[in-house]
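First comes the structure, then the notes that go with it.
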Amino acid sequence: MNKMLIFAIVAISVMFAGNPKLEKMLLERTGENIKVVKEVPMQELKNMKLVVLETAQQQMVFLANDSNDTIIALDSTFLTGNQKTLQTITKEIQEAQIASAKSTGDKIIKAIKANKYPIISLKSPANTKKTLYIISDPNCPYCKDELDRIEQRLQTHNVKMIPVGILHETSMSKAEDIYKASAKLTTNEQKISALRKVYAPNYTSNTTPTQTTIAITNLIRQSGVNSVPYKFEIAE
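Mind the numbering: the sequence shown is residues 10 to 245 in this note's numbering, read in order.
Here you go:
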């Protein structure tokens with residue numbers, strides 16, 4: 010067998026194999042069964058490597074030493090003058106976030122379908138199987154910014170919005186108004202117009218939310234989503 014091929018196979022197996030010693034240390038220190046799902050050698054950092062840990066189907070990226078007895082959390086405060094190191098870390102964090110979002114998204118979609126909860130569905134004019142789910146609060150300014158880009162999103166994706174009420178006492182009432190109005194609408198233009206009406210800063214609502222709207226918000230909270238807008242993409 011070609012030596013380069015053998016080297017590639019070994020490298021891949023090391024990169025994606027579990028790490029019993031590190032997993033044992035994590036179990037002893039945290040009491041949780043945390044799996045090492047990926048290791049990335051870091052030649053620029055002496056005796057260090059990146060490890061991707063997974064617990065409850067959520068992935069996180071840490072630095073670990075080669076002796077597998079110490080890990081260091083990575084966040085926005087991590088600084089380095091080595092651009093290659095920074096690019097590698099950024100790439101792994103982004104991939105971990107995507108994997109975690111997909112896992113959370115799968116659970117949310119499964120629960121929504123099982124309970125037949127409503128969703129604001131917008132169809133892309135493109136022939137695409139990509140669907141972007143957006144969990145959004147009508148009182149969130151960043152969610153309004155995301156709504157302002159909805160036509161751009163629709164150029165490449167179908168979009169399904171899940172309005173929730175988590176930021177303000179009136180958010181649930183506004184989410185209820187959206188679900189109620191959208192149930193009577195059929196076109197993208199009509200639905201987007203209804204969304205923008207409710208997301209406008211001067212819009213007020215005293216509508217009493219139904220149990221369904223309350224349940225949707227509770228589902229999102231229980232799924233672990235703690236910030237909005239929360240987005241994930243699937244093929245369907």
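We put the beta carbon where it would ideally sit given N, CA and C, even for glycine. Just so it is clear, the structure is predicted and the values come from calculations on it, not from any experiment.
Per DSSP, which one or two residues make a beta bridge with residue i?
i     : result
LYS30 : Answer by DSSP bridge pairing: none, since LYS30 is not bridged.
MET57 : ASN74
ALA82 : PHE71
THR97 : DSSP lists no partner for THR97.
VAL49 : LEU59
LYS44 : GLU63
Note the first and the last residue of the continuous beta strand (DSSP E) segment covering residue i.
i      : result
ASN167 : 167 to 172
ALA244 : 239 to 244
LEU131 : 129 to 131
Residues in the same chain with beta-carbon distance under 8 Å from residue i, minus the five sequence neighbours each way, listed in chain order, please.
i      : result
ASN227 : none
MET34  : ASN77, ASP78
ASN11  : Any reading at ASN11 needs caution, since the residue's pLDDT is 44, under 50, leaving its predicted position unreliable; the model's value is listed next. Excluding positions up to five away in sequence, the list is empty.
LEU176 : ASP146, ASN148, CYS149, VAL237
THR94  : MET51, GLU53, LEU54
Going by Cα to Cα distance, which pick from the options is closest to residue i?
i      : options                        : result
ASN42  : ALA65, LYS55, LEU54            : ALA65
PRO147 : ILE81, ASP186, GLN67, VAL46    : ASP186
PRO172 : HIS166, LEU163, GLU155, GLN164 : GLU155
THR213 : MET181, GLU104, LYS139, LYS58  : MET181
VAL46  : ILE229, MET69, LYS55, THR165   : MET69
VAL234 : LEU131, LYS189, GLN161, THR113 : THR113
ILE44  : THR99, ASN211, LEU36           : Here residue 44 is Lys; the residue named in the question, Ile, does not match the sequence. When each option's Cα is compared against that of LYS44, the closest is LEU36.
ASP84  : THR219, GLN106, ASN167         : GLN106
GLY27  : LEU62, THR39, MET57            : LEU62
PRO134 : LYS125, THR89, VAL168, ASN124  : VAL168
Might you give, ordered along the chain, the residues of its own chain that have their beta carbon closer than 7 Å to the beta carbon of residue i, omitting 5 neighbours on each side?
i      : result
SER191 : ILE129, LYS200, ALA203
ILE15  : For ILE15, the predicted structure reports a pLDDT of 33, less than 50, and the residue's modelled location is therefore unreliable. A value from the coordinates is still provided. Excluding residues within five positions, none has a Cβ falling inside 7 Å.
ALA96  : Rather than Ala, the amino acid found at residue 96 in this sequence is Gln. Nothing meets the Cβ criterion.
VAL207 : PRO147, LYS183, ASP186, ILE187
ALA82  : PHE71
ARG162 : LEU141, VAL168
Would residue i count as contacting chain D if we go by Cβ distances under 9 Å?
i     : result
PHE87 : No chain D is part of this structure, which consists of one protein chain only.
Which residues bound the alpha helix (DSSP H) around residue i?
i      : result
VAL234 : Where VAL234 is concerned, there is no enclosing alpha helix (DSSP H), given that its DSSP letter is neither H nor E.
GLU208 : It should be pointed out that residue 208 corresponds to Tyr in this sequence rather than to Glu. Element bounds for TYR208: 197 to 208.
Excluding the 5 residues flanking residue i on each side, which residues of the same chain have their C-beta closer than 6 Å to its C-beta?
i      : result
ALA20  : For ALA20, the predicted structure reports a pLDDT of 38, less than 50, and the residue's modelled location is therefore unreliable. The matter cannot be settled from this model.
ILE117 : SER232
ARG205 : none
TYR239 : ILE144
LEU31  : VAL45, ASN77
GLU245 : THR140
Quiz item: Residue ranges of each alpha helix (DSSP H) run of no fewer than 4 residues wholly in the segment 139 to 194, ordered along the chain?
Solution: 150 to 157, 159 to 163, 180 to 191
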